[in-house]
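No gaps in the numbering here: position 301 of the sequence shown is 332 in this note's numbering, and each next residue is one more.
Every residue gets a Cβ at the ideal spot worked out from N, C-alpha and C, and that includes glycine.
Because the structure is a prediction, the values reported are computed rather than measured.
Written below as structure tokens is the structure these notes are about.
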Amino acid sequence: MYINLPDKVKKIIAVIESAGYEAYAVGGCVRDSLLGREPDDWDITTSASPLQIKALFGRTLDTGIKHGTVTVMMGREGFEVTTYRIDGEYEDGRHPKDVTFTPELGEDLKRRDFTINAMAYNDRDGLVDIFGGTTDIEKKIIRCVGSPRERFGEDALRMMRAVRFSAQLGYNIEEGTRTAIKEMTANLKNISAERIQSELVKLLVSPHPDYLRVCYETGITGMILPEFDQCMATEQNNPHHCYTVGEHILHSLTEVDGDKILRLAMLFHDIGKPETKTTDEEGVDHFHGHAAVGEGITKRALQRLKFDNDTLHKVSRIVLYHDYPVAISAAGVRRAINKTGEDIFPYLFDVKRADIAAQSGYHKAEKLDWLEKIRNIYEMVMDNNHCISLHTLAVTGRDLIDAGMKPGREIGGMLDALLDIVLEDPEKNTKETLMDYARALLEEE
């Protein structure tokens, strides 16, 4: 089996081999090459020690020399070269207490997480596949190398990685590996929020974000996102819905592009429903106020998972306004943009369409027709540069002060009143017209 190695990778391997050592491309780059994908990066494993590698190449960085890794610089590009190693005991559920270098490639490969990531390649020996990675690719399964309990005991995040790889590749998780995940999810408490966040995002932006269901079935979400588990247990006896809240969320995830903000917005858009559920005398479920409650839950969950402030702001505001009623008129759309925010409103088209797609067929055509009309009006509003915020209002606070208004809170109130006039009729967004309105409003007071 032939893999077309990049020239720089070939050169590094050739230099190492010419010195009498072994060297192979290893791990994800080999897997991706076999799948016909372009690898993000190329890692190299070798029998040479870190000091021997440093002696062979002019420019190196000690990126992880304690654990056997040296980055070899080829021009401006860096390639991690790691010595074959045997990991010692994992005390923190992530890092081995110590590592022992070994001359045996097989010893190095058997410490890796999954069979599809435990293959090596060079042009001299071809593919080295001791643990059946190619067979598992053919079977489309994710399977641990050796004992799943040992691999997950070394690093509990590997349980999330198993689900993430299955979602990225559309594979099933091998039964023994899946069983071990169910038995060991409690170990995720030892993993940092930042690492959990990274794996969750990779899963969500994958081609199969609904594989989050596997995280629920194996108990992972119970540890990292218990709010979602509540959604899975919340029925929706309502003509607009045909799934539980959680299943509705899972279906909606597949209806938006693999954008981080959009996928997170769909994950959390109905997260407030379990807390707001009521059932009327006819047995119909309602979720009044779930968007506002969901905004708070979303903020707390994203903060707990250490998301950045920009993501937290955008996702929580999308959740707050995902159900916002917009009147089918130019004024209604302008007011909605002003209310939700110019940065948030465009997201709502994709979010609302996905929300509708994951509902029952009840009035679905009418809902989609309404959404298309709103989109057309929005495009007209933006194409014509209508004023939708104080930023583009023709009058400023300084103009009002120059006209005799005293600085203070009244200035803000007057600007809001003038903006309200312009949101209704953008033709009135001229300084002369608005100053006339301002003087008239002041006279009324």
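Looking from the CA of ILE387, the closest CA among PRO305, LEU200, ILE408 and HIS300 belongs to HIS300. Taking 8 Å as the cut-off, the beta carbon of PHE318 is found no closer than this to the beta carbon of THR310.
The Cβ-Cβ distance between ALA79 and ILE47 falls below 8 Å. For ILE117, the beta-bridge partners assigned by DSSP are THR131. For the pair THR423 and ASP354, the Cα-to-Cα distance works out to about 27 Å. Unbroken beta strand (DSSP E) stretches of 3 residues or longer found wholly inside the region 68–110: 74–77, 91–95 and 100–105, given in chain order. For GLY157, the uninterrupted beta strand (DSSP E) segment begins and ends at 157–159. By the neighbour-count definition (other C-beta atoms within 10 Å, threshold 16), ARG440 is an exposed residue. Between ALA425 and THR461, the C-beta spacing is below 8 Å.
Residue pairing from DSSP places ALA151 in a beta bridge opposite VAL57 and VAL159. For secondary structure counted as the beta strand (DSSP E) over 3 or more consecutive residues, the region 260–315 holds no complete run. Looking at the backbone, the Cα of THR427 and that of ASN407 are separated by about 30 Å.
With distances taken between CA atoms, VAL315 lies nearest to PRO270 out of ILE419, ARG365, PRO270 and LYS233. Contact between HIS321 and LYS337 does not hold, since their C-beta atoms are separated by about 25 Å, which reaches or exceeds 8 Å. In the three-state scheme derived from DSSP, where H, G and I count as helix and E and B as strand, CYS246 is classed as helix. In the structure shown, the three-state DSSP call for PHE376 is helix. Comparing C-alpha distances from PHE132 to each of GLY106, LYS97, PHE162 and LYS291 shows the shortest one belongs to LYS97.
The three-state reading of DSSP puts HIS321 in helix, counting H, G and I together. Nearest in C-alpha terms to GLN199, of all of THR265, SER49, TYR115 and SER237, is SER237.
Membership of LEU421 in any alpha helix (DSSP H) is not indicated, and neither H nor E is assigned to it by DSSP. Under the criterion of beta carbons closer than 8 Å, THR114 and PRO81 qualify as touching, at roughly 6 Å.
A distance of 8 Å or more separates the beta carbons of TYR378 and ILE302.
Around the beta carbon of ASP290, a 10 Å sphere encloses fewer than 16 other beta carbons of the protein chains shown; the residue is thus reported as exposed. Take GLN261, set aside five residues on each side of it, and the residues of its chain with a beta-carbon closer than 6 Å to its own are PRO305, in chain order. For MET436, there is no enclosing alpha helix (DSSP H), as DSSP gives it neither H nor E. In chain order, TYR55 place their CB closer than 8 Å to the CB of ASP156, counting only its own chain and leaving out the 5 sequence neighbours on each side.
The straight-line gap separating the alpha-carbon atoms of MET263 and LYS171 is approximately 27 Å.
In this structure, the alpha-carbon of GLU326 lies about 41 Å from that of GLY67. With 16 or more other Cβ atoms from the protein chains shown falling within 10 Å of its own Cβ, THR216 counts as buried. Three or more Cβ pairs closer than 8 Å define a contact, and the region 384–401 meets that threshold against the region 271–283.
Annotation for MET32: no alpha helix (DSSP H) segment contains it, and DSSP assigns it neither H nor E. Counting only the Cα atoms, LEU450 lies some 17 Å from SER360. The region 238–251 makes no contact with the region 343–357; the number of CB pairs closer than 8 Å stays below 3.
Contact check between the region 206–214 and the region 276–285: fewer than three CB pairs, one atom from each, fall below 8 Å, which does not count as touching.
Looking only at VAL364, ALA362, GLU258 and LYS383, the smallest Cα-Cα distance to VAL324 is reached by GLU258. Across the set LEU421, ARG195, ILE349 and ALA367, the C-alpha of ARG195 shows the shortest separation from the C-alpha of ARG226.
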